[in-house]
Amino acid sequence: MKLSAFGRKFTADAGITSLMDDLGNALASGDDMIMMGGGNPGQVPEMQHRLTEILTDMTRDPEAMNRLVGIYDPPQGEKQFIASLATLLNREYGWELGEENIALTNGSQAAFFMLFNMFGGDFGEGVHKHILLPLAPEYIGYADAGIAPELFRAVEPEISFTGAHEFKYRVDFDAVEVTGETGAICVSRPTNPTGNVVTDEEMARLEQLARSHDIPLIVDGAYGTPFPSLLYVDARPRWNEQIVLCLSLSKLGLPAARTGIVIAAPEIIKALSGINAIMNLATGSFGAMLAEPLVKSGEILSLSREVVCPFYHAKMKRAVQVFTDALGDDCRWYVHKPEGAMFLWLWFPDLPVSSLELYQRLKRRGVLVVSGHYFFPGLPENDWRHRHECIRVTYSQDDDRVAAGMRLIADEVRNIWAEH
Ligand code: PLP
1 MKLSAFGRKF
11 TADAGITSLM
21 DDLGNALASG
31 DDMIMMGGGN
41 PGQVPEMQHR
51 LTEILTDMTR
61 DPEAMNRLVG
71 IYDPPQGEKQ
81 FIASLATLLN
91 REYGWELGEE
101 NIALTNGSQA
111 AFFMLFNMFG
121 GDFGEGVHKH
131 ILLPLAPEYI
141 GYADAGIAPE
151 LFRAVEPEIS
161 FTGAHEFKYR
171 VDFDAVEVTG
181 ETGAICVSRP
191 TNPTGNVVTD
201 EEMARLEQLA
211 RSHDIPLIVD
221 GAYGTPFPSL
231 LYVDARPRWN
241 EQIVLCLSLS
251 KLGLPAARTG
261 IVIAAPEIIK
271 ALSGINAIMN
281 LATGSFGAML
291 AEPLVKSGEI
301 LSLSREVVCP
311 FYHAKMKRAV
321 QVFTDALGDD
331 CRWYVHKPEG
341 AMFLWLWFPD
351 LPVSSLELYQ
361 RLKRRGVLVV
371 SGHYFFPGLP
381 ENDWRHRHEC
391 IRVTYSQDDD
401 RVAAGMRLIA
411 DEVRNIWAEH
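Sequential numbering of the sequence shown, starting at 1, is according to the UniProt record's numbering.
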């Protein structure tokens with residue numbers, strides 16, 4: 001098979017493809033593997049109950065059923081959902097959104113593909129623009145999303161210690177460099193893989209940098225504010241025309257509905273809708289229609305804050321406690337201050353084996369995590385050991401399984417130190 005540059009780029013071994021393959025194979029092997037590797041949300045009973053109610057009502061209404069499966073939506077997305085969301089966000093936050101400020105995509109992953117390639121890549125006349133990731137580590141799903149090579153530039157973080165076994169990454173503004181070749185700045189908040197929440201002050205500085213260079217600040221709120229609000233520290237929701245805010249229904253419990261939401265200046269929404277029309281004709285209506293009653297009533301915000309957030313917060317607390325009890329002070333270890341999302345980012349300074357080897361050893365013992373080295377897209381290879389000393393652990397699944405997994409990790413780390 002002969003492939004174009006595009007074909008070759010997207011069939012080459014991408015980090016995310018090999019990772020998904022490995023996770024999928026481990027799952028399909030039928031072993032009783034403890035899955036702490038992927039980003040699948042947990043099952044939140046109240047959310048499932050409410051979604052079942054809404055879907056049941058729709059199946060009794062022929063007109064709703066026709067809208068659900070029988071018509072193409074416009075490329076910008078399901079109109080009623082967009083109108084209700086604009087009303088809700090204006091009422092809550094005074095953002096003065098019109099329907100021209102919101103587009104829906106088939107998952108926010110698709111939105112990132114379009115946005116990164118709209119703002120980064122070949123601008124003609126020899127100009128190649130990059131997407132700046134001001135705080136590495138960042139979401140692995142960005143890594144291979146560029147049509148142009150080397151689309152991302154990332155910046156090493158500052159590390160501060162916030163407890164005996166806890167640290168936090170902060171943006172190193174002295175190292176953040178926005179140039180004429182920066183097409184956009186992008187940050188996930190909370191961050192996958194670390195659970196970091198970039199502070200309001202850091203966000204304000206990034207916004208100021210974007211404004212002064214007339215480029216967008218893309219904020220990935222897949223876990224963030226205003227929903228699904230997997231946030232254990234305060235974080236102000238913010239939008240204005242400098243910001244492209246990407247939200248998702250996935251982590252509320254609808255990952256299979258593939259609904260991403262982009263809130264941006266009208267010209268960006270128009271461009272995005274055009275690309276979406278070419279790639280997808282229309283965005284699927286299912287997630288938007290299921291969630292619309294929750295948006296209209298404002299429940300999407302109250303359920304996020306009062307149900308979904310506490311569900312994950314309790315899981316996070318338990319996972320940290322189990323790990324602390326299991327490993328204690330037996331060796332040097334740190335967890336990134338768990339401020340949001342559904343991950344613990346564990347750092348084992350000077351561990352005699354790499355995080356990839358630790359991942360493989362853990363897989364042999366029946367627990368799947370993700371080696372941290374994948375999460376540094378855009379950071380040039382250098383001798384920074386830290387990126388081979390961390391693993392990402394997902395705590396969204398059953399508490400007892402998560403606890404068993406955390407104990408196995410502690411045990412394996414202790415074994416490694418004992419062997420060396
Ligand atoms: N952004 C982050 C930080 C994520 O972790 C994910 C998925 O795990 C996505 C975006 C994409 O989510 P979706 O395409 O389901 O909206």
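Beta carbons are placed, not taken as given, at the ideal position from N, Cα and C, and that holds for glycine.
These numbers come from a predicted model, not from an experiment.
Mark residue i as exposed unless 16 or more other C-beta atoms lie within 10 angstroms of its C-beta, in which case mark it buried.
i	result
R364	exposed
R60	exposed
D57	exposed
H49	exposed
G141	buried
E267	exposed
E63	exposed
G180	exposed
Could you work out which residue in the options is closest to residue i when comparing CA atoms only?
i	options	result
T105	A148, R50, A271 and E181	A271
P293	F6, E53, R8 and M36	E53
R8	P149, P41, E99 and E381	P149
L88	A256, A404 and A291	A291
F123	I102, I140, L151 and N101	L151
Y395	L132, V370, H388 and S248	V370
G39	D31, E357, L23 and L51	L23
L85	S4, N117 and I300	I300
L344	L3, A418 and G37	G37
residue 449	E207, K251, W239 and E158	Past the edges of the chain, shown from 1 to 420, lies residue 449, and the structure says nothing about it.
A111	G146, Q397, L3 and G405	G146
N240	E306, L281, G107 and Y93	Y93
V197	W347, A136 and A264	A136
In whole angstroms, give me the CA-to-CA distance for residue i and residue j.
i	j	result
F113	E201	28 Å
G253	N90	24 Å
H130	E99	30 Å
M20	R392	14 Å
M1	T17	20 Å
C309	Y334	24 Å
G378	M203	20 Å
V262	D31	39 Å
S273	G77	8 Å
M33	D400	13 Å
Please name the residue or residues paired with residue i in a DSSP beta bridge.
i	result
D172	Beta-bridge pairing links D172 to no other residue.
S371	I391
Y334	W347
C186	I218
D122	H128
C246	D220 and V262
N106	T259
R153	L132
I34	V367
Consider the Cβ of residue i: report whether some Cβ of chain D lies at a distance smaller than 7 Å.
i	result
F123	Chain labels in this structure do not include chain D; a single protein chain is all it has.
* Decide if the stretch 319 to 329 is in contact with the stretch 406 to 414; the criterion is three or more beta carbon pairs, one per stretch, under 8 Å apart. => Put simply, the stretch 319 to 329 touches the stretch 406 to 414. At least three CB pairs are less than 8 Å apart.
* Is the stretch 340 to 354 touching the stretch 222 to 237, taking contact as three or more C-beta pairs under 8 Å? -> yes
* Can we say the stretch 181 to 189 touches the stretch 44 to 53, given the rule of at least three CB pairs closer than 8 Å? -> Verdict: no, contact absent.
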